[in-house]
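Going down the list, the protein sequences come from chains A, B, C and D.
Position 173 of the first sequence, counting from 1, maps to 199 under this note's numbering, and the rest follow consecutively.
Position 138 of the second sequence, counting from 1, maps to 164 under this note's numbering, and the rest follow consecutively.
Position 172 of the third sequence, counting from 1, maps to 198 under this note's numbering, and the rest follow consecutively.
Position 183 of the fourth sequence, counting from 1, maps to 209 under this note's numbering, and the rest follow consecutively.
For each residue, glycine too, the CB sits at the ideal point set by N, CA and C.
Worksheet for the structure shown next.
Protein chains: 4
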Amino acid sequence: MTISSPRQKRDPEETRKRILNSAKKEFALKGLAGARVDTIADRAKANKRMIYHYFGNKEELFQKVIEEAYLDIRSAEKKLNIVQLEPIEAIETLVRFSWDYYLKNPEFLALVNSENLHRARHLKKAQKIIEVHEGFVLMMKEILNRGVKLGIFRDNIDPVQLVITIASISYYYQTNRHTGSIIFQRDLMSPEAQAERLDFNIDTILRLVCS
Amino acid sequence: MTISSPRQKRDPEETRKRILNSAKKEFALKGLAGARVDTIADRAKANKRMIYHYFGNKEELFQKVIEEAYLDIRSAEKKLNIVQLEPIEAIETLVRFSWDYYLKNPEFLALVNSENLHRARHLKKAQKIIEVHEGFVLMMKEILNRGVKLGIFRDNIDPVQLVITIASISYYYQTNRHTGSIIFQRDLMSPEAQAERLDFNIDTILRLVCS
Amino acid sequence: MTISSPRQKRDPEETRKRILNSAKKEFALKGLAGARVDTIADRAKANKRMIYHYFGNKEELFQKVIEEAYLDIRSAEKKLNIVQLEPIEAIETLVRFSWDYYLKNPEFLALVNSENLHRARHLKKAQKIIEVHEGFVLMMKEILNRGVKLGIFRDNIDPVQLVITIASISYYYQTNRHTGSIIFQRDLMSPEAQAERLDFNIDTILRLVCS
Amino acid sequence: MTISSPRQKRDPEETRKRILNSAKKEFALKGLAGARVDTIADRAKANKRMIYHYFGNKEELFQKVIEEAYLDIRSAEKKLNIVQLEPIEAIETLVRFSWDYYLKNPEFLALVNSENLHRARHLKKAQKIIEVHEGFVLMMKEILNRGVKLGIFRDNIDPVQLVITIASISYYYQTNRHTGSIIFQRDLMSPEAQAERLDFNIDTILRLVCS
DNA sequence: CATGAATGAGAATTCATTCAT
DNA sequence: TATGAATGAATTCTCATTCAT
Numbered sequence: 027m028t029i030s031s032p033r034q035k036r037d038p039e040e041t042r043k044r045i046l047n048s049a050k051k052e053f054a055l056k057g058l059a060g061a062r063v064d065t066i067a068d069r070a071k072a073n074k075r076m077i078y079h080y081f082g083n084k085e086e087l088f089q090k091v092i093e094e095a096y097l098d099i100r101s102a103e104k105k106l107n108i109v110q111l112e113p114i115e116a117i118e119t120l121v122r123f124s125w126d127y128y129l130k131n132p133e134f135l136a137l138v139n140s141e142n143l144h145r146a147r148h149l150k151k152a153q154k155i156i157e158v159h160e161g162f163v164l165m166m167k168e169i170l171n172r173g174v175k176l177g178i179f180r181d182n183i184d185p186v187q188l189v190i191t192i193a194s195i196s197y198y199y200q201t202n203r204h205t206g207s208i209i210f211q212r213d214l215m216s217p218e219a220q221a222e223r224l225d226f227n228i229d230t231i232l233r234l235v236c237s
Numbered sequence: 027m028t029i030s031s032p033r034q035k036r037d038p039e040e041t042r043k044r045i046l047n048s049a050k051k052e053f054a055l056k057g058l059a060g061a062r063v064d065t066i067a068d069r070a071k072a073n074k075r076m077i078y079h080y081f082g083n084k085e086e087l088f089q090k091v092i093e094e095a096y097l098d099i100r101s102a103e104k105k106l107n108i109v110q111l112e113p114i115e116a117i118e119t120l121v122r123f124s125w126d127y128y129l130k131n132p133e134f135l136a137l138v139n140s141e142n143l144h145r146a147r148h149l150k151k152a153q154k155i156i157e158v159h160e161g162f163v164l165m166m167k168e169i170l171n172r173g174v175k176l177g178i179f180r181d182n183i184d185p186v187q188l189v190i191t192i193a194s195i196s197y198y199y200q201t202n203r204h205t206g207s208i209i210f211q212r213d214l215m216s217p218e219a220q221a222e223r224l225d226f227n228i229d230t231i232l233r234l235v236c237s
Numbered sequence: 027m028t029i030s031s032p033r034q035k036r037d038p039e040e041t042r043k044r045i046l047n048s049a050k051k052e053f054a055l056k057g058l059a060g061a062r063v064d065t066i067a068d069r070a071k072a073n074k075r076m077i078y079h080y081f082g083n084k085e086e087l088f089q090k091v092i093e094e095a096y097l098d099i100r101s102a103e104k105k106l107n108i109v110q111l112e113p114i115e116a117i118e119t120l121v122r123f124s125w126d127y128y129l130k131n132p133e134f135l136a137l138v139n140s141e142n143l144h145r146a147r148h149l150k151k152a153q154k155i156i157e158v159h160e161g162f163v164l165m166m167k168e169i170l171n172r173g174v175k176l177g178i179f180r181d182n183i184d185p186v187q188l189v190i191t192i193a194s195i196s197y198y199y200q201t202n203r204h205t206g207s208i209i210f211q212r213d214l215m216s217p218e219a220q221a222e223r224l225d226f227n228i229d230t231i232l233r234l235v236c237s
Numbered sequence: 027m028t029i030s031s032p033r034q035k036r037d038p039e040e041t042r043k044r045i046l047n048s049a050k051k052e053f054a055l056k057g058l059a060g061a062r063v064d065t066i067a068d069r070a071k072a073n074k075r076m077i078y079h080y081f082g083n084k085e086e087l088f089q090k091v092i093e094e095a096y097l098d099i100r101s102a103e104k105k106l107n108i109v110q111l112e113p114i115e116a117i118e119t120l121v122r123f124s125w126d127y128y129l130k131n132p133e134f135l136a137l138v139n140s141e142n143l144h145r146a147r148h149l150k151k152a153q154k155i156i157e158v159h160e161g162f163v164l165m166m167k168e169i170l171n172r173g174v175k176l177g178i179f180r181d182n183i184d185p186v187q188l189v190i191t192i193a194s195i196s197y198y199y200q201t202n203r204h205t206g207s208i209i210f211q212r213d214l215m216s217p218e219a220q221a222e223r224l225d226f227n228i229d230t231i232l233r234l235v236c237s
């Protein structure tokens with residue numbers, strides 16, 4: 027039996043992933059300026075030098091984190107197979123998904139806020155992101171069309187406005203949960219409050235699309 | 027006769043205000059961690075030392091900025107005299123106000139995001155804010171009641187959920203304008219896009235409240 | 027009586043000068059890449075931060091050092107009032123000056139070498155340097171002209187080539203004194219060796235210019 | 027059948043040479059402190075580990091480069107077979123050689139400058155170098171003697187001073203070509219300027235040695 | 001012999017804050 | 001009240017070198 031070495035196993039892909047995960051947390055928690063490279067390295071149990079080796083510098087690491095975040099949410103949503111659902115069910119599923127995804131991935135909200143603080147200068151460089159989202163809007167358009175044909179949805183709803191609205195009502199509630207809980211003097215994130223809000227959101231969107 | 031001093035005029039209140047304004051811009055632009063005390067002082071044409079004199083330190087300055095921001099939006103909204111309007115008109119006015127205020131005060135959005143990144147720890151200390159917002163929810167409740175009595179509004183709408191929803195659909199659109207413009211491949215802030223969104227928002231809310 | 031404060035006296039001009047002097051030594055000793063900002067600050071008994079405050083960064087500090095070095099040698103040479111001397115005396119004085127200046131300012135040699143390693147990219151930015159040297163070449167031209175008129179100098183000597191040659195024979199000897207002492211197995215910088223070389227140099231140049 | 031390896035061919039001597047060449051370039055370009063081990067390895071298309079395997083460390087590699095450089099210049103000069111030439115032709119050939127060698131091997135100049143910055147501490151360890159140069163001075167002595175006997179050279183010229191002077195006037199011109207071109211506001215390395223300087227140098231040396 | 005991931009020491013630079021005037 | 005020089009603690013980033021495979 028030998029004493030285990032303190033050195034990291036030589037698994038570059040693993041190391042890369044650990045750094046990326048650690049960075050996601052740190053950037054979400056502190057923003058780009060507030061995040062500490064040291065903290066990222068420590069949490070990743072990686073040598074700080076590796077961050078520069080794999081990602082160039084702090085800003086490029088942030089960019090990679092942003093890219094991955096946007097790819098992940100679309101990839102999760104694709105798994106829902108929404109196209110196979112009835113129009114109303116499809117819409118409701120999307121509202122639920124939006125709520126649940128933000129709930130399970132609160133870093134996503136923080137990262138998007140950070141990226142907007144930086145005027146989306148990192149996202150601009152990510153071609154893949156644009157392509158992935160075109161499909162998303164088309165899918166929404168298709169759902170709306172089907173609903174209109176079935177006589178259950180209103181005509182002439184802009185799919186982009188709808189997509190934005192669905193995101194808004196979950197996003198805002200959750201991203202502003204701290205200031206909101208103070209201003210409204212209630213715990214916006216208690217299980218009951220959560221359930222209530224999700225229902226309210228589904229209602230809001232269905233009233234918006236149904237004829 | 028004395029030689030005129032190159033120093034700043036000794037108007038303490040003025041200096042304080044200039045610092046506060048400069049800080050608001052800088053914090054909105056860069057967040058708490060990214061903001062630079064030097065930049066704030068320079069833009070305020072004040073000596074850096076004055077910041078510490080008047081506000082203690084960077085973080086307390088941030089807190090003051092946050093407080094002022096929340097007081098300002100409610101003070102602006104109060105000037106609308108919404109209680110005197112018809113229920114539908116009142117609601118529409120609030121939706122418009124929400125949109126316009128964010129448009130004219132984009133720093134507000136950035137500051138609120140920053141404050142939530144910091145888990146509202148600065149806002150927690152501001153007693154005044156809580157009081158001011160209680161009034162706001164009560165006013166919304168009163169509008170809803172009147173609408174219900176007139177038979178034009180649905181019953182049992184939670185004024186807090188409504189207030190949050192009204193804010194959401196304007197806030198999200200504007201705070202995420204940079205990432206949104208990339209993802210949806212359109213300029214979300216062109217005059218036409220703005221008009222379209224405001225209409226959509228009014229529609230969304232009216233469908234939500236009207237019976 | 028009070029205990030003297032460990033803090034530096036608040037004399038900005040003094041601080042600047044101390045940094046510049048310290049930097050000159052360090053850059054001459056180690057080159058741009060080998061020099062340490064910490065060492066410069068320590069030797070200047072200044073806070074490292076002051077280097078960035080006064081000079082921007084390491085490279086800009088280097089640039090300032092180079093500029094000053096070139097200005098200093100010309101300023102020293104101007105004090106010789108060479109134009110008032112007889113042609114032969116003038117030439118001999120210049121050869122002596124060249125030798126002595128390098129001897130008393132060995133950093134100059136090292137700095138010029140460093141700057142050439144960096145392809146003169148710092149000197150390029152210094153307009154003053156060019157102006158100062160134009161005057162130098164003109165002065166040499168005037169000396170040569172007078173010598174020709176008096177029938178003691180050869181005609182058609184390019185003043186620039188002469189200036190370069192005068193510098194060469196002192197510069198090379200001194201800047202390569204370490205490798206030279208090894209290769210030639212003698213101490214090139216012993217007092218006797220120095221005197222011998224200076225005589226040799228004067229002889230070399232007079233044979234070159236005299237008819 | 028085996029799958030061909032992507033590795034470098036296992037030719038140790040070749041690898042060593044590639045590293046040495048790459049190092050020469052890098053050290054000449056950046057100096058000892060500024061040179062990067064990574065860059066040397068990359069340019070040599072060798073693994074960084076090989077540098078340590080063959081040369082120990084960065085400094086020992088530098089030492090080897092310096093040694094080789096000094097051996098090369100003397101070896102090139104020996105090929106001239108100067109001893110077989112007439113005294114004047116011999117001297118002129120040496121002046122030309124000095125000029126041409128520096129021109130074709132600009133790294134030599136930079137390396138010598140670097141080594142002097144480091145007070146020749148690497149050269150000191152190279153016994154071979156000393157031996158080789160003893161021969162060089164003896165050869166110069168012999169040429170001078172022959173010239174004196176033929177009545178064409180002056181008596182009592184120190185061969186070491188002459189050797190140094192011949193090197194000086196080419197070396198200085200070329201090593202300071204960047205700062206020189208700025209200071210004198212002319213391109214010192216244009217073909218015309220080069221030809222002119224070489225002629226000037228030959229003239230300078232012949233006037234020095236001829237009686 | 002060859003590879004390239006990993007490391008730790010250190011270097012440049014930044015920044016909020018304090019102090020002498 | 002006002003100024004701006006000075007400070008020290010971080011923070012990002014770099015680099016020669018070593019180790020597992």
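Alpha-carbon spacing of residue i relative to residue j, whole angstroms
{"i": "phenylalanine 226 of chain D", "j": "arginine 233 of chain D", "result": "11 Å"}
{"i": "isoleucine 108 of chain A", "j": "leucine 129 of chain A", "result": "20 Å"}
{"i": "alanine 193 of chain D", "j": "asparagine 139 of chain D", "result": "14 Å"}
{"i": "arginine 75 of chain C", "j": "leucine 46 of chain C", "result": "14 Å"}
{"i": "tyrosine 80 of chain D", "j": "leucine 55 of chain C", "result": "30 Å"}
{"i": "arginine 223 of chain C", "j": "lysine 175 of chain D", "result": "25 Å"}
{"i": "aspartate 181 of chain A", "j": "glutamate 168 of chain A", "result": "12 Å"}
{"i": "serine 237 of chain B", "j": "arginine 172 of chain B", "result": "13 Å"}
{"i": "glutamate 141 of chain A", "j": "isoleucine 92 of chain A", "result": "8 Å"}
{"i": "leucine 214 of chain C", "j": "proline 217 of chain D", "result": "35 Å"}
{"i": "phenylalanine 134 of chain D", "j": "leucine 87 of chain D", "result": "15 Å"}
Top-ranked residue by Cα proximity to residue i, from the options
{"i": "alanine 70 of chain B", "options": "B/Leu58, B/Glu168, B/Arg42, B/Glu93", "result": "B/Arg42"}
{"i": "valine 158 of chain C", "options": "D/Leu214, D/Ile208, D/Ile45, D/Ala67", "result": "D/Ile208"}
{"i": "isoleucine 178 of chain A", "options": "A/Lys130, A/Ile114, A/Val163", "result": "A/Ile114"}
{"i": "alanine 95 of chain C", "options": "D/Thr205, D/Gln211, D/Asp213, D/Glu218", "result": "D/Thr205"}
{"i": "lysine 104 of chain C", "options": "C/Ser196, C/Arg122, C/Phe162, C/Met215", "result": "C/Phe162"}
{"i": "isoleucine 228 of chain C", "options": "C/Leu188, C/Gln89, C/Phe210, C/Glu85", "result": "C/Leu188"}
{"i": "valine 235 of chain A", "options": "A/Ile195, A/Leu170, A/Ala221", "result": "A/Leu170"}
{"i": "leucine 143 of chain B", "options": "A/Thr201, A/Ala219, A/Phe88, A/Glu39", "result": "A/Thr201"}
{"i": "leucine 120 of chain A", "options": "A/Pro132, A/Leu137, A/Ile99, A/Leu135", "result": "A/Ile99"}
Interface flag, residue i vs chain B, CB-CB below 9 Å
{"i": "serine 216 of chain A", "result": "no"}
{"i": "phenylalanine 134 of chain A", "result": "no"}
{"i": "arginine 122 of chain A", "result": "no"}
{"i": "isoleucine 155 of chain A", "result": "yes"}
Any chain C beta carbon closer than 9 Å to residue i
{"i": "glycine 161 of chain D", "result": "no"}
{"i": "threonine 230 of chain D", "result": "yes"}
{"i": "isoleucine 57 of chain D", "result": "It should be pointed out that residue 57 of chain D corresponds to glycine in this sequence rather than to isoleucine. Judged by the 9 Å Cβ criterion, glycine 57 of chain D is in contact with chain C."}
Residue i: first and last residue of the uninterrupted alpha helix (DSSP H) it sits in
{"i": "aspartate 225 of chain B", "result": "217-235"}
{"i": "alanine 136 of chain C", "result": "132-143"}
{"i": "glutamate 154 of chain C", "result": "Strictly speaking, residue 154 of chain C in this sequence is lysine, with glutamate absent from that position. Here the alpha helix (DSSP H) through lysine 154 of chain C covers 153-175."}
{"i": "arginine 180 of chain B", "result": "No alpha helix (DSSP H) contains arginine 180 of chain B, which DSSP labels as neither H nor E."}
{"i": "arginine 212 of chain A", "result": "Element bounds for arginine 212 of chain A: n/a, residue is neither H nor E."}
Below-9 Å beta-carbon distance, residue i vs any chain A residue
{"i": "arginine 69 of chain B", "result": "no"}
Which ranges would you report for the beta strand (DSSP E) in the region 33-112 of chain D if only whole runs of at least 3 residues count?
-> none
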